[in-house]
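First up is the structure itself, then whatever we jot down about it.
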């Protein structure tokens, strides 16, 4: 699966953001966030943008870290 899910899982753990909190901010079910973070499904490019915006609302540092890791060619 894609890089967005791996990065999302790292950021959620690193910043102690629950999947439930992110799901509520995005207006989606927690199961969607679970699927992305556990690489069951890849978020669409539009969803990646929405994730960044939601993370900015929850914790701007988490949003910055997500963007940094997602754009880093050497990150897993």
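Numbering (the UniProt record's numbering), first residue to last: 1 to 76.
Idealized CB from N, CA, C, for every residue including glycine.
Through-space distance from residue j to residue i, alpha-carbon basis
{"i": "residue 67", "j": "residue 43", "result": "14 Å"}
{"i": "residue 39", "j": "residue 29", "result": "16 Å"}
{"i": "residue 54", "j": "residue 47", "result": "10 Å"}
Buried versus exposed, by CB contacts within 10 Å (16 or more), residue i
{"i": "residue 5", "result": "buried"}
{"i": "residue 49", "result": "exposed"}
{"i": "residue 14", "result": "exposed"}
Residues near residue i by beta carbon distance below 7 Å, same chain, minus five either side
{"i": "residue 21", "result": "58"}
{"i": "residue 63", "result": "52, 55, 56"}
C-beta atoms of residue i and residue j nearer than 8 Å
{"i": "residue 51", "j": "residue 26", "result": "yes"}
{"i": "residue 73", "j": "residue 11", "result": "no"}
Short CB-CB distance (under 8 Å) between residue i and chain C
{"i": "residue 11", "result": "Looking at the structure shown, chain C is missing, and only one protein chain is on hand."}
Inside the UniProt domain "HTH cro/C1-type" (8-63) only - alpha helix (DSSP H) runs reaching at least 4 residues
Runs of the alpha helix (DSSP H) inside the UniProt domain "HTH cro/C1-type" (8-63): 19-26, 30-37, 45-58.
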